[in-house]
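Peer 1: First the structure, then my questions, so here it is.
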């Protein structure tokens, strides 16, 4: 990368937010009455529809429970919704520190997250989210990464050329799709490497760019 960018777009899960911990997955599995490995397979199988906004929380969990052979009427679905939300809200403080430094230097930041409506609305209410001038969620856009259209739609909302947008994600397929759409992209590995990758794109001191 040889020049600055107009927008830096962050993924949420795996970049800003930590992946659900083993303990969190165990709590969800226990609430459904099955082993974690079996739970995880059913959970992932139906997750894309939930992130796309094709189903609501109760429909998602009913589908998961049905796949597990567990009658939804015998499981506390409201508790599953709450546990699931809690599992996705643990943040990486090192990445958030980078967000703060970028914002202080005048970088224009956006968020592009595969997120269910419930998660999206909680994120919107968090204080740290104010650093992001645009917050875009798969459930609102009705498409998920790595659908090429989600990257084109993001650039349209940002009123930016794809080449002037840098996208950061922890999944290689999402990075590849963003690059195929004309964006620049970085694969997130850890906060220290991210800052090293980003630092030369930015002015040396806060610029107040608006």
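Numbering (my numbering), first residue to last: 145 to 354. Think of the CB as a built atom: it goes at the ideal place given N, C-alpha and C, for glycine as much as any other residue.
#1: Measure from the alpha carbon of residue 196 to the alpha carbon of each residue in 254, 283, 171, 206, then state which is nearest.
#2: Which residues does DSSP list as the beta-bridge partners of residue 331?
#3: Less than 7 Å between the C-beta atoms of residue 150 and residue 268, yes or no?
#4: Out of curiosity, what's the CA-to-CA distance linking residue 170 and residue 188?
#5: For residue 161, is the classification buried or exposed, using 16 other Cβ atoms within 10 angstroms of its Cβ as the cut-off for buried?
#6: Return helix, strand or coil for residue 342, following the three-state DSSP convention.
#7: What's the C-alpha gap between residue 332 and residue 233?
#8: For residue 263, which residues in the same chain have their Cβ closer than 7 Å to its Cβ, ignoring the five residues on either side in sequence?
#9: Given a threshold of 16 other Cβ atoms within 10 Å of its Cβ, counted over all protein chains shown, does residue 337 qualify as buried or as exposed?
Peer 2: Looking at the coordinates:
#1: Counted from its first residue, the chain shown places residue 196 at position 52. If you compare the alpha carbons of 254, 283, 171, 206 with that of residue 196, the shortest gap goes to 283.
#2: Here residue 331 refers to the residue found at position 187 when the chain shown is read from its first residue. Answer by DSSP bridge pairing, in chain order: 313.
#3: Looking up residue 150 in the chain shown gives position 6. Looking up residue 268 in the chain shown gives position 124. No, Cβ-Cβ distance for residue 150 and residue 268 is not below 7 Å.
#4: Taking the chain shown and counting its residues from 1, the one referred to as residue 170 is at position 26. Taking the chain shown and counting its residues from 1, the one referred to as residue 188 is at position 44. Spanning the two alpha carbons is a distance of roughly 15 Å.
#5: Sequence index remark: in the chain shown, residue 161 carries index 17 (1-based). With 16 or more other Cβ atoms within 10 Å, it is buried.
#6: Residue mapping note: residue 342 aligns to position 198 of the chain shown, counting from 1. Helix at residue 342.
#7: Within the chain shown, the letter at position 188 stands for residue 332. Within the chain shown, the letter at position 89 stands for residue 233. Distance between the alpha carbons of residue 332 and residue 233: 18 Å.
#8: Counting from 1 along the chain shown, the entry for residue 263 is found at position 119. Answer for residue 263: 229, 232, listed in chain order.
#9: As a working note, residue 337 is residue 193 in the chain shown. With fewer than 16 other Cβ atoms within 10 Å, it is exposed.
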